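Letter 169 of the sequence shown, counting from 1, is numbered 168 in numbering that gives the first Met the number 0, and no numbers are missing.
From the three backbone atoms N, C-alpha and C, an ideal C-beta is built for every residue, glycine too.
Computed from a prediction, not measured in an experiment: that's the story for all the values here.
A quick write-up on the structure given underneath.
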Amino acid sequence: MELIHSKNGRITLKDFERQSSVLLGERINLLVPFYSSSNNSSNKNDSEVIVELRREISTCRATIDELQTKIVTCEKSQRLANEVELEYEDLLKFLYEQLRQYKINETNQLKQIRANDQLIQKLFNYLSIYVNKPNDEHILAQLKFEYEQQQKSFQNSNDISIISTNKYRQQF
0 MELIHSKNGR ITLKDFERQS SVLLGERINL LVPFYSSSNN SSNKNDSEVI VELRREISTC
60 RATIDELQTK IVTCEKSQRL ANEVELEYED LLKFLYEQLR QYKINETNQL KQIRANDQLI
120 QKLFNYLSIY VNKPNDEHIL AQLKFEYEQQ QKSFQNSNDI SIISTNKYRQ QF
């Protein structure tokens with residue numbers, strides 16, 4: 000069987016369907032998959048099909064636009080989340096560095112206080128050796144008493160500070 004061709008060497012869809020139907024022994028209609036059913040396609044006129052296709056295309060475009068908007072929103076949210084995470088990490092590093100520096104300063108201050116305390120104790124001992132008048136003994140005793148009260152007050156506040164610092168460290 001010879002295929003029928005048009006004058007430009009191409010076969011039309013209608014001729015191809017007709018010749019294929021003869022060769023295969025059954026009716027071939029290549030346009031059926033493009034419509035919901037052959038009955039609907041034959042019942043609807045072309046303008047109704049075009050209107051329906053345009054409506055579906057418009058719906059698809061709207062859906063695509065919505066998805067693109069959601070993608071942009073997700074990308075922005077992800078970038079923001081990454082920035083927040085980096086800022087949080089930087090803040091934690093800063094806070095840990097501040098805490099470390101605080102502990103170093105606290106240790107240095109305690110060393111200085113102990114050194115000052117030892118010096119004051121030596122001064123009290125030195126003064127007690129060289130006290131000559133009863134009035135001097137009274138003044139020395141009063142100074143020593145005030146110093147001991149100050150030390151107790153400092154020790155109590157230092158104990159509270161150490162307890163608070165330990166509780167703070169346990170949280171991290």
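Beta-carbon spacing of residue 177, residue 151 below 8 Å: Because the chain is modelled from 0 through 171, residue 177 falls outside the range shown and cannot be assessed.
Inset, instruction - Could you tell me the distance, in whole angstroms, from the CA atom of residue 28 to the CA atom of residue 51? - result: 22 Å
Practice item. Give me the Cα-Cα distance between residue 10 and residue 18, rounded to the nearest whole angstrom. Key: 10 Å
Worksheet item: If you run the structure through DSSP and keep just helix, strand and coil, what is residue 14?
Response: helix
- Query: By how many angstroms is the C-alpha of residue 103 removed from the C-alpha of residue 94?
  - Reply: 14 Å
For the alpha helix (DSSP H) that contains residue 104, what are its first and last residues?
-> 45–129
Please name the residue in 100, 74, 116, 55 whose C-alpha comes closest to that of residue 154.
-> 116
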